[in-house]
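First comes the structure, then the notes that go with it.
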Amino acid sequence: MPLSSVVRERCRALLPPGTEIRYLFPATANSASGFSFVQKPFLFVVTAENVIMLECSWRSHDLPKAVHWTYPRTLRLGPVDTVMDPTFTFDGSPFQTWDEYVPVIAAADAEVRDRDFGPPDPLPDL
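Next up, the structure:
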């Protein structure tokens with residue numbers, strides 16, 4: 594289910610003016626330290642130029658609080674491992690999302706214009 598317009602507006606308030614949100618999806622960073630397991634919610638905002646991670650309230654993915662990190666758009670978000678719960682690794686950190694956002698991540702990755710994305714051109718001289 595897409596995130597609501599209310600959540601999109603909350604995200605826009607944290608982004609530079611005029612930033613167009615192309616894709617938006619929630620994910621949870623999972624980490625284990627000692628005997629505890631910590632889940633930190635984030636919203637990933639994909640624009641034409643960047644992938645922006647918004648840190649959210651501990652209680653909800655609907656309440657972005659601040660820009661956590663900004664990455665260049667050339668980085669891929671996937672692949673998403675869907676064997677159990679959908680998980681992906683982004684910039685070396687593991688994240689978990691929900692089944693309905695796997696196509697969003699795939700669509701965002703499909704737009705990456707990186708030369709290494711996809712198979713090489715079998716006939717480059719044509």
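Residues 594 to 719 in my numbering are what the sequence shown lists, from first letter to last.
Glycine included, C-beta positions come from ideal geometry on N, C-alpha and C.
Remember, it's a predicted structure, so these values are computed and weren't measured experimentally.
Item: Contact check, H654 vs P687, beta carbons under 7 Å; Value: no
Item: Near the ligand FAD: S650 beta-carbon under 6 Å from a heavy atom; Value: The ligand FAD is absent from the structure shown, which contains no ligands of any kind.
Item: S598, enclosing alpha helix (DSSP H) - first and last residue; Value: S598 to R605
Item: For I724, the first and last residue of its enclosing alpha helix (DSSP H); Value: No statement about residue 724 is possible, as the shown extent of the chain runs from 594 to 719 and does not include it.
Item: Classification of V673 by the beta-carbon crowding that lies within 10 angstroms, buried from 16 upward; Value: buried
Item: Start and end residues, beta strand (DSSP E) containing P657; Value: P657 to P665
Item: Limits of the unbroken beta strand (DSSP E) element including S653; Value: No beta strand (DSSP E) contains S653, which DSSP labels as neither H nor E.
Item: D718 - DSSP class collapsed to helix/strand/coil; Value: coil
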